[in-house]
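The structure under discussion appears below in the form of structure tokens.
Residue numbers (the numbering used here): 1302 to 1594.
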């Protein structure tokens, strides 16, 4: 009887281990970019137009693969949040302190006027844009500019995740009005032609003085619009976190809680169906307006 019990128990253990192994073969893994070690407790939100599902990674950094979803949003307390194309079985996440080992801040050399640590303020916040994305930054009304027209829209484009020259890819610059109920972007006030960065200067600058746009008391949104898939020569590129769309990206910093500015993202499918409403981003997109003198 004891032998039969032991045999049965071993059989259950074997089948359970075999089942777990099979599950892991269809899993998606999340590893630390620097150490290549698995990351436990990653929140992975798969999403499509009208459906979402969320998994938490196990001790092996694995979650169930879910190929029916096109996108996944990845968050973890110690790593940069990012939105990825569901196109790989392994993704590498960037630690929040990545590339800061060589940063030296001498006492009293840098003033922190934002109520957050200097190092955190200097860090970039990686955002993987996809085709047809619209990223917006709220620009509040200021009395000192009440009667002045917006002269320039300014965008700081950057390369991310080890991929070079993405900042030279085309995009469109928009200005949206503000919905006074939701305080989200409402209707388009201005839409540019296709814009491309053509130099190594910090800002891409668009002259909108001829539009004679002033900021009303509810404010406006400056918007960065990623073009359709057909407007880019290359569809996807390999990055340090897997395959990503070959589209431009705006630099972003961790959100300054004292700032009135706020960033949002609107994402669409290939059929122009909304995947989500304007979603709040925990970052400050590096976009600006400059007023006439």
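Every residue gets a Cβ at the ideal spot worked out from N, C-alpha and C, and that includes glycine.
Return helix, strand or coil for residue 1544, following the three-state DSSP convention. As a first step, residue 1544 is located in the chain shown; it is residue number 243 there, counting from the start. In the structure shown, residue 1544 sits in a strand (DSSP, three-state: E or B).
Cβ shell of residue 1572 (< 6 angstroms), same chain only, five flanking positions each side left out: Locating residue 1572 in the chain shown gives position 271, counting from the first residue. In this predicted model, residue 1572 has a pLDDT of only 48, less than 50, meaning its place in the structure is not dependable; the value taken from the coordinates is given anyway. So the list is empty, once near-sequence residues are dropped.
Could you tell me the distance, in whole angstroms, from the CA atom of residue 1499 to the CA atom of residue 1469? Here residue 1499 refers to the residue found at position 198 when the chain shown is read from its first residue. Here residue 1469 refers to the residue found at position 168 when the chain shown is read from its first residue. Taking the straight line from one Cα to the other gives about 7 angstroms.
Work out the CA separation of residue 1342 and residue 1348 for me, nearest whole Å. Here residue 1348 is taken as the residue at index 47 of the chain shown, counted from 1. Here residue 1342 is taken as the residue at index 41 of the chain shown, counted from 1. Straight-line Cα distance between these residues: approximately 19 angstroms.
If you compare alpha carbons, which of 1582, 1335, 1526, 1581 is closest to residue 1458? If you number the chain shown from 1, residue 1458 lands on position 157. It is 1526 whose Cα lies nearest to the Cα of residue 1458.
Tell me, please, which residues DSSP counts as bridged to residue 1486. The residue given as residue 1486 occupies position 185 in the chain shown. The partner list for residue 1486 (beta bridge, DSSP) reads 1479.
Pop quiz: residue 1466 and residue 1510 are said to be a contact at Cβ under 8 angstroms. What is the actual Cβ separation, rounded to whole angstroms? Residue 1466 sits at position 165 when you count from the first residue of the chain shown. Residue 1510 sits at position 209 when you count from the first residue of the chain shown. With a Cβ gap of about 30 angstroms, residue 1466 and residue 1510 do not count as contacting.
Collapsed DSSP secondary structure at residue 1403 in the structure displayed: Counting from one through the chain shown, the residue named residue 1403 turns up at place 102. In this prediction, residue 1403 has a pLDDT of 34, which is less than 50 and means its spatial position is unreliable; nothing more can be read from the coordinates.
When you compare only the Cα positions, how much space is there between residue 1473 and residue 1507? Position 172 of the chain shown, counted from the first residue, corresponds to residue 1473. Position 206 of the chain shown, counted from the first residue, corresponds to residue 1507. About 10 angstroms.
For residue 1428, the nearest candidate out of 1519, 1480, 1373, 1591 (CA to CA): Locating residue 1428 in the chain shown gives position 127, counting from the first residue. Looking at the Cα atoms, 1373 is the closest of the given residues.
Where does residue 1559 land, buried or exposed, given buried means 16+ other C-beta within 10 angstroms? Within the chain shown, the letter at position 258 stands for residue 1559. Exposed, by the Cβ-count rule.
Identify the residues that DSSP records as bridge partners of residue 1385: which are they? Here residue 1385 is taken as the residue at index 84 of the chain shown, counted from 1. According to DSSP, residue 1385 bridges with 1373.
Meets three-Cβ-pair contact criterion under 8 angstroms: the stretch 1547 to 1558 and the stretch 1429 to 1447: yes
Can you tell me whether DSSP reads residue 1522 as helix, strand or coil? To locate residue 1522, count along the chain shown from 1; it is residue 221. Three-state DSSP puts residue 1522 in a strand.
Would you mind giving the Cβ-Cβ distance between residue 1521 and residue 1476, rounded to the nearest angstrom? I have them listed as a contact below 8 angstroms. Locating residue 1521 in the chain shown gives position 220, where the first residue counts as 1. Locating residue 1476 in the chain shown gives position 175, where the first residue counts as 1. That belief holds up - the Cβ atoms of residue 1521 and residue 1476 are roughly 6 angstroms apart, short of 8 angstroms.
When DSSP builds the beta bridges, which residues end up paired with residue 1516? Indexing the chain shown from 1 puts residue 1516 at position 215. Beta-bridge pairing links residue 1516 to no other residue.
Determine whether the beta carbon atoms of residue 1331 and residue 1358 lie at a separation below 8 angstroms. The count along the chain shown starts at 1 and reaches residue 1331 at position 30. The count along the chain shown starts at 1 and reaches residue 1358 at position 57. Against a cut-off of 8 angstroms, the Cβ pair of residue 1358 and residue 1331 comes out as a contact.
Do you know offhand how far residue 1362's Cα is from residue 1580's? Here the question's residue 1362 lines up with position 61 in the chain shown. Here the question's residue 1580 lines up with position 279 in the chain shown. Those two C-alpha atoms are separated by around 27 angstroms.
Assigned exposure category for residue 1329 - 16 Cβ within 10 Å defines buried: Along the chain shown, read from residue 1 onward, the residue named residue 1329 stands at position 28. Answer is buried; the Cβ neighbour count reaches 16.
Looking only at its own chain, which residues have a Cβ that is under 6 angstroms from the Cβ of residue 1589, when we skip the five neighbours before and after it? As a working mapping, residue 1589 is identified with position 288 in the chain shown. Around residue 1589: 1455.
According to DSSP, residues forming a beta bridge with residue 1354: By 1-based counting over the chain shown, the position of residue 1354 is 53. Note: residue 1354 sits in a beta bridge opposite 1347.
Could you check what DSSP says for residue 1380 in three-state terms: helix, strand or coil? Sequence index remark: in the chain shown, residue 1380 carries index 79 (1-based). Residue state, collapsed to three classes: strand.
Pairwise C-alpha distance: residue 1448 and residue 1542: Stepping through the chain shown from its first residue, residue 1542 is reached at position 241. Stepping through the chain shown from its first residue, residue 1448 is reached at position 147. Straight-line Cα distance between these residues: approximately 46 angstroms.
The beta strand (DSSP E) spanning residue 1454 covers which residue range? By one-based count along the chain shown, residue 1454 stands at place 153. Per DSSP, residue 1454 belongs to the beta strand (DSSP E) from 1451 to 1456.
Could you tell me the distance, in whole angstroms, from the CA atom of residue 1386 to the CA atom of residue 1336? Here residue 1386 is taken as the residue at index 85 of the chain shown, counted from 1. Here residue 1336 is taken as the residue at index 35 of the chain shown, counted from 1. Going by the C-alpha atoms only, they are around 23 angstroms apart.
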